[in-house]
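Here's the structure we're looking at; comments come further down.
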Amino acid sequence: MNKKELIYEGKAKWLFETDEPNILWVTYKNQATAGNGVKKEEILGKGKLNNQITSLIFDHLEQKGIKSHFIKSLSDTEQLIQKADMFALEVVVRNVAAGSFSKRLGVKEGTELDFPVLEFYLKEDELNDPIINEDHIKVLQLAAEEEIEQIQQQALKINQALIELFKRINIRLVDFKLEFGKTADNKIVLADEISPDTCRLWDLDNNDRLDKDVFRKDLGDIIPLYQEVLDRLMQLDKETMHNV
Ligand code: TMP
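Residues 49 to 292 in my numbering are what the sequence shown spells out, letter by letter.
As structure tokens, then:
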């Protein structure tokens, strides 16, 4: 498989075409951004860690019967993925109050929510990714009703699988953001990444932050924290393989 033209540059990744029309080549960047790109820094090693963490998580989800665009990891910072027509949506699932939820609704950070709360945001940098509801999605023709239902169901299923996975490595899954796309065969699949950039992950013993909030709030170096998440996932992967 050969890497061809660059077709998309996001904040955290480059996407290239390959000689296969439905397969793309992703390279993870070291760039970290917050506040819709207002805060921006190069952080050596971040791309490698997010690629490795995302690859392990997508593999785990596949074993749980959840399809994603992920095909395989190619190198420390590169993956092959299925091409998908992306919904212009960010889907956030929350188990514990934090971040914009706490701020908007005045709920104390750390409050356990009675059930997983699902939110949609319009993926549009110029509008600062506003929160939207299902009527907005339908009227803007971002997704059809059945597609919204499928996305909601998949997001909640992913939440359950991730809560269990992170619990096994002593991490509380506070909230996270997902993106979905439609592949050439018209299937809705999980896309983008699942990493400490896109999740809030708190250590179960002491609530230590193991995610990008540490960068967003200028609380220190994120690399050792992301490395800790990767090490715990790899240790679990090794133990699970031994048990097979
Ligand atoms: P929020 O509390 O800032 O709305 O974030 C909710 C979750 O979504 C949190 O885990 C961080 C993640 N997220 C992203 O991955 N990308 C984004 O652009 C935003 C706003 C949040």
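Cβ coordinates follow ideal geometry from the N, Cα and C atoms, glycine included.
Using only CA atoms, which one of Phe64, Lys215, Leu278, Pro244 lies nearest to Lys52? Comparing Cα positions, the closest option is Phe64.
Tyr76: buried (16+ other C-beta within 10 angstroms of its C-beta) or exposed? buried
Which residues DSSP lists as bridging Thr66, in chain order: Lys51
Excluding the five sequence neighbours on either side, which residues of its own chain have a C-beta within less than 6 angstroms of the C-beta of Ala136, listed in chain order? Lys171, Leu190
Validate contact between the stretch 200–210 and the stretch 221–236 using beta carbons, cut 8 angstroms, 3 pairs: yes
Leu273 vs Asp259 beta-carbon contact at 9 angstroms: yes
What are the uninterrupted segments assigned as alpha helix (DSSP H) that are 4 or more residues long and contained completely in the stretch 98–159, given in chain order? Runs found: 147–153.
Which of helix, strand or coil DSSP assigns to Ile219: Strand.
For Ile242 versus Leu210, is the C-beta distance shorter than 9 angstroms? Taking 9 angstroms as the Cβ cut-off, Ile242 and Leu210 qualify as a contacting pair.
Tell me whether the stretch 158–170 and the stretch 97–109 touch, counting them as touching only if at least three CB pairs, one residue from each stretch, are closer than 8 angstroms. no
From Glu57 to Phe149, what does the alpha carbon distance come to, in whole angstroms? 29 angstroms
Taking buried to mean at least 16 other C-beta atoms within 10 Å of its own C-beta, is Val292 buried or exposed? Any reading at Val292 needs caution, since the residue's pLDDT is 48, under 50, leaving its predicted position unreliable; the model's value is listed next. Burial call: exposed.
If you measure between the beta carbons of Arg220 and Asp173, is that distance less than 9 angstroms? Not in contact: Arg220 and Asp173 (Cβ atoms no closer than 9 angstroms).
Arg167 and Val187: beta carbons closer than 9 angstroms? Reading off the sequence, residue 167 comes out as Glu, not Arg. Not a contact, by the Cβ cut-off of 9 angstroms.
Looking at Ala146 and the ligand TMP, is the gap between the Cβ and the nearest heavy atom below 8 angstroms? yes
Under three-state DSSP, which class holds Val292? Low local confidence applies: a pLDDT of 48 at Val292 is under 50, so the model's placement there is unreliable, with the coordinate-based value given in what follows. DSSP places Val292 in coil when its eight states are reduced to three.
Between Asp67, Gly147, Glu194, Gln283, which has its C-alpha nearest Glu249's C-alpha? Note on identity: in this sequence residue 249 is Leu, with Glu being the wrong assignment. Cα-wise, what sits closest to Leu249 is Gly147.
Backbone CA spacing between Phe214 and Leu175 [nearest angstrom]: Going by the C-alpha atoms only, they are around 33 angstroms apart.
With DSSP as the reference, label Glu195 as helix, strand or coil. helix
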